[in-house]
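Student: Chains as they are written, first to last, in our numbering: chain A, 164 to 430; chain B, 701 to 975. Using N, Cα and C, we set each Cβ at its ideal position, and we do this for glycine too. Just so you know, these numbers come straight off a predicted model, no measurement behind them.
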Amino acid sequence: MGASLSIDYVTHQFSPSAAPTLKDIDTRIDPGELVALIGRSGCGKSTLLHMMAGLLIPSQGCIRINSHQVSKPSAKWNMMFQKASLYPWMSVKENAALGLMFAGLQKAEAVEKVNSLLDMLGLHDKKDVNVQSLSGGQQQRVALARSLATDPDILLLDEPFSALDAFTRTALQEEVPAICRERGITMIIVTHDIDEAVAMADRVLIMSQNPGRIVDELEVGLPWPRRHMDNGFQIRREELMNRFKGTDTGLQGRQQPITTQQSESAA
Amino acid sequence: MSASTTTPMNSAVSLLGPAKLIRLLSNLQYPAMGITGLLALWWVGGLLIENNENLSAFSAFAPAPAFHALYDLVASGEIWAPITSSLYRILVGLTWGIAIGVPVGVTIGYIGVALKVANVPFQFLRMISPLAWMPIAVMAFETWDSAIIFLLVMATVWPIIFSTAHGVRRIDPNWFKVARNLGASGTQMLRRIILPAIMTDVMAGIRLAVGVAWVVLVPAEYLGVTSGLGYAINDARDTLSYDYLAAVVLVIGIIGYGLDSVCNLLIKRFNWHAE
Ligand SMILES: Nc1ncnc2c1ncn2[C@@H]1O[C@H](COP(=O)(O)OP(=O)(O)O)[C@@H](O)[C@H]1O
Ligand SMILES: [Mg+2]
Numbered sequence: 164m165g166a167s168l169s170i171d172y173v174t175h176q177f178s179p180s181a182a183p184t185l186k187d188i189d190t191r192i193d194p195g196e197l198v199a200l201i202g203r204s205g206c207g208k209s210t211l212l213h214m215m216a217g218l219l220i221p222s223q224g225c226i227r228i229n230s231h232q233v234s235k236p237s238a239k240w241n242m243m244f245q246k247a248s249l250y251p252w253m254s255v256k257e258n259a260a261l262g263l264m265f266a267g268l269q270k271a272e273a274v275e276k277v278n279s280l281l282d283m284l285g286l287h288d289k290k291d292v293n294v295q296s297l298s299g300g301q302q303q304r305v306a307l308a309r310s311l312a313t314d315p316d317i318l319l320l321d322e323p324f325s326a327l328d329a330f331t332r333t334a335l336q337e338e339v340p341a342i343c344r345e346r347g348i349t350m351i352i353v354t355h356d357i358d359e360a361v362a363m364a365d366r367v368l369i370m371s372q373n374p375g376r377i378v379d380e381l382e383v384g385l386p387w388p389r390r391h392m393d394n395g396f397q398i399r400r401e402e403l404m405n406r407f408k409g410t411d412t413g414l415q416g417r418q419q420p421i422t423t424q425q426s427e428s429a430a
Numbered sequence: 701m702s703a704s705t706t707t708p709m710n711s712a713v714s715l716l717g718p719a720k721l722i723r724l725l726s727n728l729q730y731p732a733m734g735i736t737g738l739l740a741l742w743w744v745g746g747l748l749i750e751n752n753e754n755l756s757a758f759s760a761f762a763p764a765p766a767f768h769a770l771y772d773l774v775a776s777g778e779i780w781a782p783i784t785s786s787l788y789r790i791l792v793g794l795t796w797g798i799a800i801g802v803p804v805g806v807t808i809g810y811i812g813v814a815l816k817v818a819n820v821p822f823q824f825l826r827m828i829s830p831l832a833w834m835p836i837a838v839m840a841f842e843t844w845d846s847a848i849i850f851l852l853v854m855a856t857v858w859p860i861i862f863s864t865a866h867g868v869r870r871i872d873p874n875w876f877k878v879a880r881n882l883g884a885s886g887t888q889m890l891r892r893i894i895l896p897a898i899m900t901d902v903m904a905g906i907r908l909a910v911g912v913a914w915v916v917l918v919p920a921e922y923l924g925v926t927s928g929l930g931y932a933i934n935d936a937r938d939t940l941s942y943d944y945l946a947a948v949v950l951v952i953g954i955i956g957y958g959l960d961s962v963c964n965l966l967i968k969r970f971n972w973h974a975e
């Protein structure tokens with residue numbers, strides 16, 4: 164079941180003398196919610212996601228998952244990166260089963276458990292192959308299986324599809340939210356692709372740069388599965404684009420995040 | 701019906717396939733040329749020695765007497781004892797070299813500062829011929845055998861350390877991140893990620909180490925011990941049996957080549973890099 168995630172006044176500096184990369188980020192994400200985090204390259208999206216994963220500890224403030232402070236990584240809140248980073252000395256199924264083996268399962272048992280997951284992700288005929296022979300999209304599917312195998316409460320995605328071809332990307336943009344919704348997983352995806360945000364999220368958080376803060380948000384509120392051609396999709400996309408531009412230029416100095424009352428007009 | 705009557709000969713051919721067989725033979729063509737060239741040089745050298753009055757006492761160095769002596773050594777079984785002694789020393793020395801070299805290499809590769817600190821002293825020690833430690837080794841160890849093994853350890857640790865450290869530094873940092881993210885403990889990280897990731901580099905270091913150790917072993921066996929191929933060479937010299945001396949040299953070369961080929965096979969076996 165999905166977990167709630169709360170970011171409590173997080174400010175982060177990579178070194179004591181440096182200007183803060185993230186400043187006063189304070190927001191909540193509900194269990195099972197699908198959230199997209201958008202912003203320009205370098206605004207601190209990955210930094211924030213690493214903190215949610217427990218891979219980085221904020222210099223001020225904290226992250227809570229189900230109200231417990233995150234202090235270290237766990238297979239229960241799992242991150243997927245832009246690169247699949249599979250282990251080339253393991254087969255596809257061993258890669259997918261790795262988190263289960265770390266949790267103490269025997270290899271045979273762990274591999275058995277990921278079988279249906281690999282089937283579901285369309286890798287049924289690839290289970291025993293060398294991961295280096297897979298296409299980029301297939302590798303990212305293995306990485307997804309690896310992340311899902313440990314039954315995570317939260318799935319954190321750091322621009323996971325940006326290196327993939329358009330067909331694979333579109334397919335995964337549809338599959339991943341469907342899987343998360345079915346399993347009640349809380350999903351947070353970092354992207355700089357506005358279409359991707361509208362296609363995958365219930366709610367979009369917009370980040371500004373220097374320092375990184377959340378300056379706006381938008382409820383997408385479209386039915387599933389989402390079609391890029393639909394009128395509603397296009398309207399949401401336009402609106403998000405306008406909001407993004409609004410925060411990006413002219414309004415740099417705005418201190419308070421705008422919470423959205425104006426976003427009910429959806430659907 | 702036709703399948704059941706295939707002769708072993710036929711099945712061997714069909715297993716290899718005529719194309720494969722031809723490729724195998726043509727692959728052997730160049731090594732065969734090289735070996736022939738070497739033998740020809742040796743043969744010419746033998747002729748020159750034989751025809752020079754000052755050197756003619758050494759004419760048994762020529763290929764014909766040497767191969768004859770080699771046949772004798774193998775047929776009588778005399779050659780096996782020195783081979784076993786030498787290989788045993790290599791094995792023990794290499795085992796220690798790996799046991800020390802891999803952990804040290806992982807440590808200095810993993811901790812960036814450790815590599816910076818260790819680099820100069822280790823490079824310095826590496827450049828000292830292992831044989832230079834001989835007087836110290838003889839004083840420090842009770843038996844000649846352990847002294848020789850010490851020299852072999854001094855020969856093998858450095859390439860293993862450097863190759864291992866290099867392998868660790870080459871590990872994709874994302875592999876650590878992903879594993880940490882999946883909840884890997886320290887030992888799991890070592891066993892499932894670091895060791896398999898560096899296996900190719902460790903094996904490459906071992907291959908270098910075996911080469912150095914084999915070269916160092918023979919002169920080390922000139923001293924003190926009464927077994928091994930180095931001793932066999934010394935013994936042949938003292939008894940003026942130059943044909944046997946040449947035969948032992950041949951054996952040393954063949955075994956060295958064999959050891960290197962085994963290492964090479966192991967490297968291929970553990971190599972996970974895509975072709
Ligand atoms: N480990 C680090 N040390 C110092 N600075 C970093 C580090 N990681 C990221 N940064 C800086 O923090 C800022 C935000 O980076 P990042 O979170 O990767 O941005 P994004 O993912 O939005 O593109 C960048 O200016 C980057 O240079
Ligand atoms: Mg990033």
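(1) Could you compute how far the alpha carbon of residue 271 (chain A) sits from the alpha carbon of residue 866 (chain B)?
(2) Taking only beta carbons into account, state which residues of the segment 204–228 of chain A come closer than 7 angstroms to chain B, listed in chain order.
(3) Check distances from the C-beta atoms of the segment 229–250 of chain A to those of chain B and list, in chain order, the residues that come in under 7 angstroms.
(4) If we ignore side chains and look at the alpha-carbon of each, how far apart do residue 340 (chain A) and residue 172 (chain A) end up?
(5) I'd like to know whether the C-beta of residue 972 (chain B) is nearer than 7 angstroms to at least one C-beta of chain A.
(6) The beta strand (DSSP E) with residue 377 (chain A) in it runs from where to where?
(7) How is residue 786 (chain B) classed by DSSP in three states: helix, strand or coil?
(8) Of all the residues that make up the segment 258–279 of chain A, which are near chain B by a beta-carbon distance shorter than 8 angstroms?
(9) Verify the CB distance criterion: does residue 830 (chain B) have a CB-CB separation below 7 angstroms to chain A?
(10) Short check: CB of residue 184 (chain A) to CB of residue 375 (chain A), under 7 angstroms?
(11) Any contact between the segment 205–219 of chain A and the segment 280–295 of chain A? By contact I mean 3 or more CB pairs, one from each, below 8 angstroms.
(12) Excluding the 5 residues flanking residue 964 (chain B) on each side, which residues of the same chain have their C-beta closer than 6 angstroms to its C-beta?
(13) Strictly below 9 angstroms CB to CB, what residues from chain B border residue 313 (chain A)?
(14) Does residue 798 (chain B) come out as helix, strand or coil in the three-state DSSP assignment?
(15) Report the residue from B:805, B:856, B:780 whose alpha carbon sits nearest the alpha carbon of residue 826 (chain B).
(16) Quick check on this structure: which residue in B:954, B:765, B:730, B:953 has the alpha carbon closest to the alpha carbon of residue 743 (chain B)?
(17) Quick check: the segment 944–955 of chain B against the segment 769–781 of chain B, are there 3 or more CB pairs under 8 angstroms?
(18) Consider the C-beta atom of residue 863 (chain B) and the heavy atoms of ligand 2; say whether any pair is separated by less than 6 angstroms.
(19) By DSSP, does residue 186 (chain A) sit in helix, in strand, or in coil?
(20) Can the beta-carbon of residue 249 (chain A) be found closer than 7 angstroms to that of residue 198 (chain A)?
(21) Does residue 659 (chain B) have its Cβ less than 7 angstroms from a Cβ in chain A?
(22) Counting only Cβ pairs nearer than 9 angstroms, list the residues of chain A close to residue 888 (chain B).
(23) Please determine, among A:380, A:301, A:237, the residue with the shortest C-alpha to C-alpha distance to residue 370 (chain A).
(24) Name, in chain order, the residues that DSSP records as bridge partners for residue 243 (chain A).
(25) Would a check of beta-carbon distances place residue 915 (chain B) closer than 7 angstroms to chain A?
(26) Quick one: which chain B residues come within Cβ less than 9 angstroms of residue 252 (chain A)?
(27) For chain A, find out if any of its Cβ atoms is closer than 7 angstroms to the Cβ of residue 874 (chain B); answer yes or no.
(28) Count the CB pairs spanning the segment 879–888 of chain B and the segment 816–831 of chain B that are closer than 8 angstroms, and state whether there are at least three.
(29) Residue 868 (chain B) versus chain A: which residues are under 8 angstroms apart at the beta carbon?
(30) Please confirm whether residue 793 (chain B) and residue 920 (chain B) have their CB atoms less than 7 angstroms apart.
(31) So does residue 325 (chain A) have its beta carbon nearer than 6 angstroms to some heavy atom of ligand 1?
(32) With DSSP as the reference, please indicate the residues paired to residue 405 (chain A) in a beta bridge.
(33) Against chain A, with Cβ distances strictly below 7 angstroms, would residue 698 (chain B) count as a contact?
(34) With a Cβ-Cβ cutoff of 7 angstroms, do residue 327 (chain A) and residue 299 (chain A) count as a contact?
(35) Three or more C-beta pairs closer than 8 angstroms, one from the segment 772–786 of chain B and one from the segment 927–942 of chain B: is that the case here?
(36) Going along chain A, which residues have a C-beta under 7 angstroms from residue 877 (chain B)?
Tutor: The short version:
(1) 33 angstroms
(2) 216, 218
(3) 236, 237, 238, 241, 242, 244, 246, 248, 250
(4) 28 angstroms
(5) yes
(6) 376–382 is the span of the beta strand (DSSP E), which, as asked, contains residue 377 (chain A).
(7) Looking at residue 786 (chain B) - three-state DSSP - the assignment turns out to be helix.
(8) 261, 262, 264, 265, 266
(9) no
(10) yes
(11) no
(12) none
(13) 882, 883
(14) helix
(15) B:856
(16) Nearest option by C-alpha distance: B:765.
(17) Yes: the two stretches touch, three or more of their Cβ pairs being nearer than 8 angstroms.
(18) no
(19) In the three-state reduction of the DSSP assignment, residue 186 (chain A) falls in the strand class.
(20) no
(21) There is simply no residue 659 (chain B) to check, as chain B begins at 701 and stops at 975 in what is shown.
(22) Those within 9 angstroms of residue 888 (chain B) in chain A are 264, 265.
(23) A:380
(24) A:320
(25) no
(26) 896, 897, 899, 970, 972
(27) yes
(28) no
(29) Under the 8 angstroms cutoff, chain A gives no residues; its nearest Cβ is about 15 angstroms from residue 868 (chain B).
(30) no
(31) no
(32) DSSP output for residue 405 (chain A) lists no bridge partner at all.
(33) Residue 698 (chain B) falls outside the range modelled here, since chain B spans only 701 to 975, and no answer is possible.
(34) yes
(35) yes
(36) 218
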